[in-house]
Each structure stands twice: as C-alpha cells, then as structure tokens.
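Positions 1 to 793 (full-length UniProt numbering) are the ones given, in order, by the sequence shown. Accompanying notes for the structure given below.
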Amino acid sequence: MVVELKIAAAKFSIHLESEIYKELIIGLIGIAAQTTLCYNANFSLANPLENLVSRILPRKQEGTSLYFWILLLAEMATLHQFSPLPSAVTALQDLYRSLNNPPQLKGWQLNGGDPCEESWTGISCSGSSVIFIKLHGLHLGGTLGGRLFNLHNLTQLDVSSNNIQGEIPSLLPANATHINLACNNFSQSIPYSLTSMKYLRHLNLSHNFFYGTIGDVFNGLQNLKEMDLSYNNFTGDLPSSFGSLTNLTGLFLQNNSFSGSVIFLANLQLSDLDIQNNHFSGVFPKHFQFIPRLWIGGNMFQIGGNYPSWDFPLDTIPNEQNISSPPTTQSSAIESYPSLRVGAHKQKMLGPGRIAFMVGGGTLVATCAAFAIAIHINRSRARMIRSFENNDSSLHSLPVSTIKDYSSAAPEENPQILAAGSPPMIVPRHIPSVRNRRTEISRRRSFARNCRIPATAKQYTVAELQSATNRFSEDNLLGEGSLGSVYKAEFPDGQILAVKNINTVALSLHEEEQLLDVIWRVAHLRHPNIVTLLGYCIEHGQYLIVYEYVRNLSLDDALNCNAYKHLPWSLRVKIALGIARALDYLHSKCSPPVAHSNLKAANILLDDELMPRLCDCGLAILRPLTSNSVKIKASELAISCTGYIAPEHGRAGIDNTKSDIYAYGVLLLELLTGRKPFDSSRRREEQSLVIWASSRLHDKESLEEMVDPAIKKTLSCKALSRFADIISLCIQPEPEFRPSMSEIVESMFSLLKSSCMSQSSLGGVAESEASDKSFGSTHTCFVGSPTISYSSI
C-alpha cells in the first residue's frame, strides 16, 4: 500500500503546480510510511496527518479519516488537472495582446477562455498545462510581451519566420527545452536571465537584428545541445561562458562581427561548427581538426608559423580566406593528415613498415574501396537530398541556416580513407561527394525556401512571372535601369505587381546567398514612402524581384514632362517631406543604417494621390552582379553625369548616408527650379545645377530668379529663404557639415506647416496636408538591417 500511494502521489505531483498540493502529497507519503493505513482509523490532532492538514489547510472537525483526505486530494488534483492556472492563461492573453491581436491566432482571447479545453492555434497541452507554443510563419508582428515566464510547464516555444520585433523578454519560461526565435526582427542582445534555463537544449536566435557584445549569459546551460546565433550583428569577443557548454554539439555563429580568439570553444565536443564571415583572428585549437563538419572561411586565422602542423581536412580551410601567414605546404599537410578515425577520433599512426605494405596491394584495395564507397555515399546522399526537399518540416528545426546530414548510418558506412603512394591520394574526412554539384543545388533550393526570406515575401516561379508579364514583352515594360528591366505583371486574380528582372551572369553559391541576403533585408523594409518588396524568384538562372505596383508616374516625369500639369509649391514641399521621411527611416531607424546610394527623381514614384514612394532601396549592392561589364561601365558613366553624385564619391571609408543627403539636396534644387541636375543642352557654366545654383542661394535677387516660374507666385519670400537654407546645408562639399535626415525632416515639416498657413485663403488646408498619409512616421513595427555598406549604382 505504501508503494502504491507513493506511485499515485508521484503521478499527482507531476501535474500539481500549487505548493499546497505538493506539500500535502509529500506529507501523506511520510504518514503512510509510519502508520498501518487502516482505512477506518480515526486520527486526532495529535496524529501526523492532522498536524499536516492543520498546518496547511483550515482547521477541520476531528474524526476525519485518512482515506477521506486521500480521496479529497485526488479530487482536488483532478479538478486542478482540468483548470489551467490563471497565470498561464494571463500569460497567453498578454502574448496575444502584444502580438496586436492577430486574426491568424484563431481561438485566442483577450479575456477568459481555456487554451487546453478550447482550440487555440499553435497551443498544445498536457492535461491542464500548456507545453508547446508553435507559431511558425504566421505573419505575426508586435512583440512577445513580458509574461511568458508564467508558463511554468512550457517546453517548446517556436515563433520563427514572423515579423516580431523588440527585445527578447527579460524572463523566459524557466523549464523550456526548445526556444526558436529565428527569422524575426528581434534586436538588442541576449538577456542574462538565460542562465536560469537549466533544461534548455536547443536555442535558435538566427536571422534577427541582435547587436553588440554578448555577456556571460551561457553559464548554467549544461544541457544545451545546439545553438544558432548566425546572421545577426553581434560584435566583440566570445564570452568565457561558451566554455561551460559541455554538452554542446552544434554551434552556428556565421555572418556576425565577432572578433578575437575562439579559445573558449577549444574543449567543446562539437560535431558542427560554423564561424564563417566574422573577424576572428589568431590560431585556434588543434582539437578543431576532429570536428566532423567545420566551416571557418571569411576570418583572419593564422595557420603555420610556430603553431603545430595542421591535421585539418583540406576542404575545411579555404586558403584565400583564412591565411594570414604562409600556409602549410601540400606535403606537410599530407604528412600530418590523420589516418582512419574510429570511434572517438582515435588516431592510428602509420609506421614505415605499414606504409611500405600499403604502397603495394594496399593502394589498389583502398582505391577500389574508395570508388565503391563514393558511389554508395553519392546514391545515399541523393536519396537524402530528395527526402530533405520533400520534407518541409525539416526546415523548421534547428539550425535553420545550415543544412545538416542527420543520417543514422553506422560509422563503418562512412569511413575515413587514407591511401599512401606516389602521388598520395587523400579522401578528406568530409568525402568530396558531399560538396558536389548535386549537393550545391540542394543547398541552393533549400536556402531559397528557408526562413532567410520573411513570410511576407512570396516565392514565385518563373512560369508564374512569365505568364503575368506576357513573357516579359515590350508591351509590359515599365522602365530600365542599371540592374535590369521592370515589367508590369497582371495575375489571374486581378492583382497587378511590378517585376524587376535582374541582369546577372550565372551566380556562384556565395553570390546567390548574397543576393538572397539582400532580398531578405529589403523585404523587411516597411514605410509608407518606400515601395514594398512582395516576392522574389530564383530559378533556372533567373533572378527576379517582385514589388507592389505604383500606378501613376515618377517625380522625374512630373517635373520634366510637358504632358503633366505643373506641381504646385505646397505639393512639392509635401513630396520633399515624404522623401525625407523615407531616408530618415533608412538612416536612423534601421540598424545598421541603410544608404540608398542611387537617389534620383526617376527612382521616386508618385501614386494616385501623388504620395512619393522611394524605390530600389537597398539594391545598390547588387550592381556588381549585373551580367554585362560594358553595361556596368556605361551605367557608372551615366551615374557620374546625373548631377546627384556627392564630391566624396569613390573615396575609401565614406559614409554613404551623407552621400544620400547630398543627393537629396539636389532633388530639392530640382523641385525649386524645375531644372534637371545635369543638362548638357545648356551653356557649360549652367550644365551642373549644383554649381550654377550654389552661388545664388544666399542672394535674394538671384534666388528669386532661380525659382520655377510655375510656382513663383505662390511662394513667399520667407518660405523661399528657409528652403534655400536647407538646400545649402545638404549640398555642402564636405560630408561632415551636412545635417542628418532627422534634422531635415523637422525643418521640412516646419516649412510645410508655415507654407500651408500662409495659403489659408486656398480653403484652410494648413493643418490637414501635414497630417495625411504622405507623412507617415518613420517609426514602424518593421526594421530593415543590411549588414553592409552600399556603393552607388
């Protein structure tokens, strides 16, 4: 009976979150061990049970049997099992509210409700306890709120592939084993409360906008097996707490800005390590040679010198990326290359006699074995790839940024081979067939499908876009630029979009990843004055980007085409403010700042309400990928003659956001004068608008003569003077003297208000124009964050 009671108590205690219930159960076990457990026995207050009950529960009448209290406790436990704790329900309601009450979360409620009895999207329960929250790819925005820590029994939290922003909550569910926040807009850094999550096994924070150094937040995470921090903006040295992750087998840090040594990773028993594209330097531990899957390119490691000879497989160390001192010679690399590894990486040394034996028949046997094994692995890998491509769920698991082989093949099915001879044949530990063309294609396909691209960007097929653009016919052509042509696309459901066909040569895997990275970042940009990227297509050597369609005309057409009416002064200021807000969003609300680098009137579209929409944001980095070098040179020549290029263009280490401000000043000159930035039809001294106008901006008489005749009568002297002051600051020859876009926005908004007030006779448009949607705030729930500086195109 004692044993049975203990088992029952143990079962109850699993589901009991109340300390009162737990204490009663523990007390009953102690009593059961001390009594004869007679079912009819009565106990007075002197008995252990009465002491226990009177200590915990309100006083009761004497004579109540132990059997009654066991039944009562069982009933309480049963009732508790079907009634979620209010704190858990409150935590989910807070999460729902923080995510902006999205309609995708069917069944969720702001007040009341039972997530375990009712059907709440993404919620799984065990009894009355919420154990899983899986909200992958539901187009969710907002934040995670601050009450997730109240979900005491939650084991898995997956909100990957959404647009959730803000910081990670300072407290997370303490008993969680899997946390996946990948592919969102989270920022700041990792909270120190992570150290208390002692059951955590998988942590994925990749593809976000975390930045700065990481503190010692990994102490206490002895159960952590895989961690992915890739594709963020982390900087500084690795914290010493990395060394405490004794059970870690997979670590992914690629595409950050980490620096310093990797010494704290030396003693980890890793099977996967990716530290590519950081700023790591110095030598790193010899133990790394035993990591089966290792990627270290794009760093500044020292190999050679006084450090012991490397035993690395040749395919893990790209020489052009890593060598900061002379590499080991081929012969030394061969000599130090480890022989067949068995079990826990034990090395068998080859003596002279054994080598002599292998030179003979051993070479032939090893060669045949290698050939047979290569065929077997190639076929197995083909099956694995097909299985991987057909299994979408595999893309949702850790790590999202790295394709891994989870094959359960026995060790003898994937041997390491070393054949001796002259010349020696080396089959690296990674078996080269893994990196063959088929695997590369698989990586490309999976890369294009994974959560690098936010859920808001749709992946189209070439067939869909060909059909929508009438096979990219001339009739659908909207315009051409240095990156390629833009076509109008009409889809069967009536939707009209714009498709940019990027002219590129066949891209390498690295270049394709670069392209996808740009698309991923541009797809996160959300602002009312920026044209939104809605989709993409990478297929059959075609690279296409799909944008929303802006139906009206460009600012260049509005200013220079006689077919259109002249823009009134108030509308020109309104357009200038909209452009300024878009640039302010790119420069100060994105982290790190985004430089447009190709600002011009032709890249500003005016919609049906003449609201300005800035296009081609973030695409300047793609210009080197265009397919025709002649076109590139012609494009560079054309750009240099547009009149928008800042004097510092081409200098090393320049701040391209300051170049945007110069180009913005040129745009203001266009709006003021109605003239093109560069007009070769004019006299030589008047061809450059900036050179011609600079000396006239502070002379009242000359300034008035500069004004476009179409707006001269509606422009007050005060407004003209203030507008000229803004222009003068923007086109300063030295970039450090130019104002920030935030300052320009304030000045332009103030100018618009005063201009509208001075035109009150036009029907009282003073305040209404300054508050319409053209002046949407640069503060949005979306954050774009390219990690590179853009060059002009």
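Glycine included, each C-beta is placed from N, C-alpha and C at the ideal position.
For M706 and A693, the rounded distance between their alpha carbons: 8 angstroms
Nearest neighbour of D607, chosen from L599, L586, S473, G578 [CA to CA]: G578
Burial state of F737 (16 or more Cβ within 10 Å): exposed
The beta strand (DSSP E) enclosing Y543, as first and last residue numbers: 542–548
Cβ-Cβ distance between L250 and D216 below 8 angstroms: Sequence inspection shows Gly at residue 250; the Leu mentioned does not correspond to that position. Contact flag unset, no.
Rounded C-alpha distance that separates H178 from F210: 19 angstroms
N-terminal and C-terminal residue of the alpha helix (DSSP H) that E511 is part of: 509–522
Euclidean distance between Cα positions of S18 and L224: Because S18 sits at a pLDDT of 48, beneath the cut-off of 50, its placement in the model cannot be relied upon, and the point is left open.
For R260, the first and last residue of its enclosing beta strand (DSSP E): Note that residue 260 corresponds to Gly in the displayed sequence, not to Arg. Note, G260: beta strand (DSSP E), 257–260.
Inter-residue spacing [alpha-carbon to alpha-carbon] between G674 and L533: 31 angstroms
Three-way DSSP call (helix, strand, coil) for N277 in this model: coil
Same chain, Cβ closer than 6 angstroms to P169, five either side skipped, listed in chain order: L144, G146, L148
Coarse secondary structure for A652, derived from DSSP in three states: coil
Endpoints, the alpha helix (DSSP H) within which residue 799 is located: There is simply no residue 799 to check, as the chain begins at 1 and stops at 793 in what is shown.
Those residues which DSSP pairs with L465 across a bridge: Its beta-bridge partners do not exist; DSSP assigns none.
Residue of I545, I645, M611 minimising C-alpha distance to L622: I545
Neighbourhood of V522 by C-beta distance below 6 angstroms, restricted to the same chain and skipping five residues each side: L533, G618
Residues of its chain near G236, where Cβ-Cβ distance is below 6 angstroms and the 5 sequence neighbours each way are ignored: T213
Beta-carbon gap between S485 and L477 smaller than 8 angstroms: yes
C730 classed as buried or exposed, judged by whether at least 16 other C-beta atoms fall within 10 angstroms: buried
Validate contact between the stretch 495–509 and the stretch 555–568 using beta carbons, cut 8 angstroms, 3 pairs: no
Closest residue to L205 among I190, F218, K753 (Cα-Cα distance): I190
Top-ranked residue by Cα proximity to S124, from P102, G141, A88: A88
Cβ neighbours of R435 in the same chain (closer than 6 angstroms, five flanking residues each side left out): Note that R435 scores a pLDDT of 39, beneath 50, so its modelled location is shaky and nothing firm can be said.
Alpha carbon of R551 to alpha carbon of F472, nearest angstrom: 18 angstroms
Proximity below 8 angstroms, CB of L105 to CB of G127: no
Helix, strand or coil at A266 according to DSSP, with G and I counted as helix: coil
Segment contact, 8 angstroms Cβ cut-off, at least three pairs: the stretch 732–751 with the stretch 596–603: no
Buried versus exposed, by CB contacts within 10 Å (16 or more), H207: buried
Separation of A91 from E609, as counted between CA atoms: 43 angstroms
Q289 (DSSP reduced to helix, strand or coil): helix
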